[in-house]
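Working notes, structure below.
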Amino acid sequence: MITDCSEKIASSRVIHVHLFFLLEFIMRPLVWNGLQNSKSSFEKSRFNLVHSLMNIEVKKKYEFLESISAIMDAHLRYFKLGYDLLSQMEPYIHQVLTYAQQSKELANIEQDKLAKRIQEYRTQAELENARASSSNTDSMPGADSTHPVRLNSYKSFEAGMQSATKGEVQTVKQGYLLKRSSRTRGDWKRRFFVLDNQGSLYYYRAKGPKPSGFQSYNYSRLSEQNSGMFGRFRAKHNRAASLNEDILGSCAVDLCTSTIKMDAEDTDLRLCFRIISPSKSYTLQAENEVDRMDWVNKITGAITSLFNFQFLQQPHYGKLQLENKNSAIGSSLTSQQEDSNKSLMDDVFSEEGGSVSNILRGIPGNDKCAECNAPEPDWASLNLGILLCIECSGVHRNLGVHISKVRSLTLDVKVWEPTILELFNNLGNAYCNSIWEGLLLLDDERVGESNVPLKPCSTDPSQYKEKYIQAKYVEKSLIIRADIPEIPSVSTKIWQAVQAINVREVYRLIVTSTSNPINTKYDDAVPNADTEGHQHDPEACLRIKESNETESCFRGWSLLHLACHSDSTLMVELLLQFGADINMRDYHGRTPLHHCISSGKNPLAKFLLRRGAKPSVKDAGGHTALERAMEMGAITDEELFIKLVECQ
Numbered sequence: 001m002i003t004d005c006s007e008k009i010a011s012s013r014v015i016h017v018h019l020f021f022l023l024e025f026i027m028r029p030l031v032w033n034g035l036q037n038s039k040s041s042f043e044k045s046r047f048n049l050v051h052s053l054m055n056i057e058v059k060k061k062y063e064f065l066e067s068i069s070a071i072m073d074a075h076l077r078y079f080k081l082g083y084d085l086l087s088q089m090e091p092y093i094h095q096v097l098t099y100a101q102q103s104k105e106l107a108n109i110e111q112d113k114l115a116k117r118i119q120e121y122r123t124q125a126e127l128e129n130a131r132a133s134s135s136n137t138d139s140m141p142g143a144d145s146t147h148p149v150r151l152n153s154y155k156s157f158e159a160g161m162q163s164a165t166k167g168e169v170q171t172v173k174q175g176y177l178l179k180r181s182s183r184t185r186g187d188w189k190r191r192f193f194v195l196d197n198q199g200s201l202y203y204y205r206a207k208g209p210k211p212s213g214f215q216s217y218n219y220s221r222l223s224e225q226n227s228g229m230f231g232r233f234r235a236k237h238n239r240a241a242s243l244n245e246d247i248l249g250s251c252a253v254d255l256c257t258s259t260i261k262m263d264a265e266d267t268d269l270r271l272c273f274r275i276i277s278p279s280k281s282y283t284l285q286a287e288n289e290v291d292r293m294d295w296v297n298k299i300t301g302a303i304t305s306l307f308n309f310q311f312l313q314q315p316h317y318g319k320l321q322l323e324n325k326n327s328a329i330g331s332s333l334t335s336q337q338e339d340s341n342k343s344l345m346d347d348v349f350s351e352e353g354g355s356v357s358n359i360l361r362g363i364p365g366n367d368k369c370a371e372c373n374a375p376e377p378d379w380a381s382l383n384l385g386i387l388l389c390i391e392c393s394g395v396h397r398n399l400g401v402h403i404s405k406v407r408s409l410t411l412d413v414k415v416w417e418p419t420i421l422e423l424f425n426n427l428g429n430a431y432c433n434s435i436w437e438g439l440l441l442l443d444d445e446r447v448g449e450s451n452v453p454l455k456p457c458s459t460d461p462s463q464y465k466e467k468y469i470q471a472k473y474v475e476k477s478l479i480i481r482a483d484i485p486e487i488p489s490v491s492t493k494i495w496q497a498v499q500a501i502n503v504r505e506v507y508r509l510i511v512t513s514t515s516n517p518i519n520t521k522y523d524d525a526v527p528n529a530d531t532e533g534h535q536h537d538p539e540a541c542l543r544i545k546e547s548n549e550t551e552s553c554f555r556g557w558s559l560l561h562l563a564c565h566s567d568s569t570l571m572v573e574l575l576l577q578f579g580a581d582i583n584m585r586d587y588h589g590r591t592p593l594h595h596c597i598s599s600g601k602n603p604l605a606k607f608l609l610r611r612g613a614k615p616s617v618k619d620a621g622g623h624t625a626l627e628r629a630m631e632m633g634a635i636t637d638e639e640l641f642i643k644l645v646e647c648q
């Protein structure tokens, strides 16, 4: 057994040796050749990779830059070629743009004209429908005071208010309107509104019989209107309104301090209008356009007539003086003329329905427009002192307020204070046109040879009227001017005219002067005056302060100082209308307000304060107007004291 195993081991060892030698001499060359081939292939691939990387690195240095440069050069040549072509077309491009702009402007003008004509046509049609319905209602038999009275203008309201003083209360218009709530939700509620001939507008939560206290309420309102005390009227009116709302079930709208607008805060709402008062705003909606226009017209007439009615009841209003129709142009008022003017004013107030428009149209030449002779002008230029039609007033408004201050006779009721009316009474269209249209009144050959435009008529186109008004007031080409310098000078003449309170002469000198003489001073008007010491002289100021005599020194006085010294509110109004400096100081530092306070002219001082005078200005002595007034003793005029304190 052991022998067999030994033999097997020996034979296996022989086989192993044999195989080892066989592998060593036969397979080794084959393996070596394969290894060499693999090594050669690896080296070849490595060299190819290095070569490729080298090519890439080289190309990065010049090919990319060449490509970018070529692209930029191509773009440069392309845009340069386009620039050259567009430069050649530049004149044509500007021509096309100019033509397009002109076409756009013409199209806008045509659209505006078309829209304006459409609006005018619609408004005219609505007014005709309203008039037709009004006439049909008036012609109905059996109408009594409990039915609406169709009034078409504020003139009818004035007649109604005159009859209301006798206890005849009539309903002007009544009906349902949608009223927008003033709460956050802003919901709409249907209310029954009533407008009577006293100018009272009130509404009920539901239509029904009038409460028993209704007539007594109306009479209390009428007595308040006749009192003329605006603050007292407001207080009583508010108490009456709250009484109606809480007890009688109705709410009153204060029309005396209200204005009306033909729109709503929300532009998407149709058929709306607003009544705006200092305390509350009412947004109302009518059933149709005709009803809305009817309400707006009647409420507007009520507001205008209510204010005019209260204004005509003021005691000082009857003191206005109308100028005699037969007085010579350019002459000053005499005592005989003042008496005749006063009687003429009394005649005007004795007539039924007297109003601002009736008074102003009674002045010579004011029955027609000052520019085109259109009848019954409803507009005026405050500083020029003339009446205008509505078309010419639009042209005047475009001139600017430095040339013409346009106001309405019926809408701008608060403007027509007694001084304004008195100023118009002293001027008028006839006198003003004799100055502004002096060349048209000449009947010699010079007019025919010159380029003086002819006066337009009411039927002439608006472009011709605009050209004429421009030449008349801006260029002043129709004014007669002296060929040689005037002696004495304009400054001297206007100083003398203000001193003589000659309103017409002052107006003529302001209009015809090439330079504006409105702020002429004493030294300009009196060339021989002593001009030494025109600075603030402390001794002179102290002397004036101690003596309290403002008239003891004229140094540095302006025309407004002189008018205040003459105690002429009319002259002050004229100078202010033409732009006089209301706070100009003399050589002692005193304004016109200082002079009025020191001389005891309290009404004129209050007038200056209403027109914008500053009481905080100090004179050379370091005193304001209030301090000057307190130096004179206790201020008995409470209104003056309040104005001086409020404006500090």
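Quick note on full-length UniProt numbering: the sequence shown kicks off at 1 and runs consecutively.
Ideal Cβ positions, reconstructed from N, Cα and C, are used throughout, including at glycine.
- Contact check for S258 and I303: beta-carbon distance about 6 Å, within the 8 Å limit, so the pair qualifies.
- Cα atoms of E7 and L19: separation of roughly 19 Å, rounded to the nearest angstrom.
- For D367, the CB contacts under 6 Å within the same chain, skipping 5 residues up- and downstream, are R361 in chain order.
- DSSP places C272 within a strand segment (E or B) once states are collapsed to three.
- For Q111, the three-state secondary structure derived from DSSP is helix.
- Selection G600, W436, I275, L604 evaluated against M632 yields G600 as nearest (Cα-Cα).
- DSSP links I15 through a beta bridge to no other residue.
- One Cα belongs to S434, the other to K465, and the distance between them is close to 18 Å.
- Sequence-distant Cβ neighbours of Q174 in its own chain, meaning closer than 8 Å and more than five residues away, are P148, F192, F193, V194, L195.
- Excluding five sequence positions before and after V296, the CB atoms of its chain that fall closer than 7 Å to its own CB belong to I260, M262, F273, given in chain order.
- A contact between stretches requires three or more CB pairs, one per stretch, nearer than 8 Å, and the segment 487–495 meets this requirement with the segment 503–523.
- Under the three-state reduction of DSSP, A74 is assigned to helix.
- The beta carbon of S381 lies closer than 7 Å to those of L388, H396, S404, K405, V406 in the same chain, with the five residues before and after it left out.
- At the C-beta level, L201 and Q285 stay beyond 7 Å of one another.
- The three-state secondary structure of K261, taken from DSSP, is strand.
- Within its own chain, the residues whose Cβ lies closer than 6 Å to the Cβ of G428, once the five positions on either side in sequence are excluded, are I363, P364, G365, N366, listed in chain order.
- With a 10 Å radius around the Cβ and a threshold of 16 neighbouring Cβ atoms, M293 comes out buried.
- Shortest Cα-Cα distance from L411 to any of I510, C457, I420, T300 involves T300.
- Of the residues assessed, V253 falls on the buried side of the cut-off, its CB having 16 or more other CB atoms within 10 angstroms.
- Of all alpha-carbon atoms in K476, Y121, M571, the one lying nearest the alpha-carbon of N425 is that of M571.
- Straight-line measurement puts the Cα of F21 at about 19 Å from the Cα of I9.
- Counting of Cβ neighbours within 10 angstroms places L640 among the buried residues, the total reaching 16 or more.
- The beta carbon of V490 sits closer than 7 Å to those of L509, S513, P517, all from its chain and outside the five residues before and after it, given in chain order.
- Here C564 is buried, its C-beta having at least 16 other C-beta atoms within 10 Å.
- If you ignore the 5 residues before and after P377, its C-beta comes within less than 6 Å of the C-beta of C369, L387, L388, C389, all in its own chain and listed in chain order.
- The beta carbon of I480 is closer than 8 Å to those of G438, L439, L442, T512 in its chain, skipping five residues each way along the sequence.
- A check of alpha carbon separations from F554 across D581, T569, L576, V526 identifies V526 as the nearest.
- Here D196 is bridged, per DSSP, to T171.
- With a cutoff of 7 Å on beta-carbon distance, G556 and D524 are scored as not near each other.
- The DSSP-derived three-state label of T3 is helix.
- Per the C-alpha coordinates, the member of P461, V617, I501 positioned closest to L644 is V617.
- H594 sits close to A625, with the two beta carbons spaced by under 7 Å.
- Within the DSSP bridge table, the entry for A252 names Y202 as partners.
- Residue state for Y176 is assigned as strand, using DSSP reduced to three classes.
- In this model, D4 and P29 are separated by some 39 Å (Cα to Cα).
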